[in-house]
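Count along the sequence shown from 1, add 442, and you get the number used in the working numbering.
All C-beta atoms in this analysis are idealised placements derived from N, C-alpha and C, irrespective of residue type, glycine included.
Comments concern the structure below.
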Amino acid sequence: LDGSSLSEQMVPYAAEIAQRFGSQVVLLQVLQIPSSLAAASAQGAENVIEEELRRLSFEAHQYLEGIATQLKDKGLSVEVVVVEGTPGDAIVEYSNTSAIKLIVVATHGRRNIGRLVFGSVADHVMRHTTIPVLSMKPVEVKE
């Protein structure tokens, strides 16, 4: 989940599948280090980066816990996970090293070729994992 309404639209599908199969739902958010922080690191401001990553991690956990509470209220087992990295790579790596049976990811569905059909993250995940992937274009909601 990246915090967008598009990604949140996938949660009910994941919940329905988990409920039918008695599976756990893992809510995963990937923290990508902003380029401004990477530049600060190159200039020796590691403590600034660590503090910002702690803040981002805290916010991500709070966000995911809010969604997890809603799912737990429906009787589902839910785990919240926040990792650092590039979204596509981090999703694949986490899924491959955990007992993940299905990856649910939203697509943006903008064009009709390759990664532009699915969005670069969804396309990367589909190309780099052997785990089944449920991917669909959610309804765009004006925010």
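- Cα atoms of Val-523 and Pro-529: separation of roughly 13 Å, rounded to the nearest angstrom.
- When the beta-carbon positions are compared, Val-472 and Gly-527 come within less than 7 Å of each other.
- Rounded to whole angstroms, the Cβ separation of Ile-545 and Val-567 is 6 Å, and the two are in contact under 8 Å.
- Residues Val-468 of the same chain have their beta carbon placed closer than 8 Å to that of Ser-540, with the five preceding and five following residues left out of the count.
- By the 16-neighbour rule on beta-carbons within 10 angstroms, Thr-511 is exposed.
- In the DSSP assignment, Gln-471 falls within the beta strand (DSSP E) that extends over 467 to 473.
- The beta carbon of Ala-564 lies closer than 6 Å to those of Val-547, Thr-549 and Ser-577 in the same chain, with the five residues before and after it left out.
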